[in-house]
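Q: In our numbering, the protein residues as written are 4 to 97.
Backbone N, C-alpha and C fix where the C-beta goes; we use that ideal spot for every residue, glycine too.
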Amino acid sequence: MQKLQASTLKTISYLLEIALVKLYKSHFTTEINMAHEEEIGFHKGAVTTLLKERQEFVRMISIIDALLKAHSEALQKLGIGISKPEEKKTVKKK
């Protein structure tokens, strides 16, 4: 499996952050006097939802990896060598 590009990892990180913020907001806007069973159900539902979202992200990553592999193989067949993208160097101004 090829390494993920930084932009892909940033996108995934951003989406996970949004999911966590939504979970946090929904948790603290629920009634404070929620019955114990309701609270358990709430957290179980949240965990189930987050696990399904995580599973979907993994599926998306595998699709992206397959596409990257297919394109890189096509480029190699065309005689084009590919290499790891260079990282941008920052220049400090005085």
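Can you give me the Cβ contacts of T93 inside the same chain, cut-off strictly under 8 Å, excluding the 5 residues immediately before and after it?
A: Position 90 of the sequence shown, counted from the first residue, corresponds to residue 93. Contacts found: none.
Q: Just tell me which of G48, I43, F60 has its CA closest to the CA of E20.
A: Mapped onto the sequence shown, residue 20 falls at position 17. Out of G48, I43, F60, F60 has the C-alpha closest to the C-alpha of E20.
Q: Just reading off the alpha helix (DSSP H) that S65 is part of, what are its end residues?
A: By 1-based counting over the sequence shown, the position of residue 65 is 62. Residues 39 to 80.
Q: Would you identify the three-state DSSP class for S16, choosing helix, strand or coil?
A: By 1-based counting over the sequence shown, the position of residue 16 is 13. Helix.
Q: Measure from the alpha carbon of R57 to the alpha carbon of each residue in S10, T11, K13, L18, then state which is nearest.
A: Within the sequence shown, numbered from 1, the residue matching residue 57 stands at position 54. Out of S10, T11, K13, L18, L18 has the C-alpha closest to the C-alpha of R57.
Q: Nearest-angstrom Cα distance between L53 and S16?
A: Taking the first residue of the sequence shown as position 1, residue 53 is located at position 50. Taking the first residue of the sequence shown as position 1, residue 16 is located at position 13. Spanning the two alpha carbons is a distance of roughly 14 Å.
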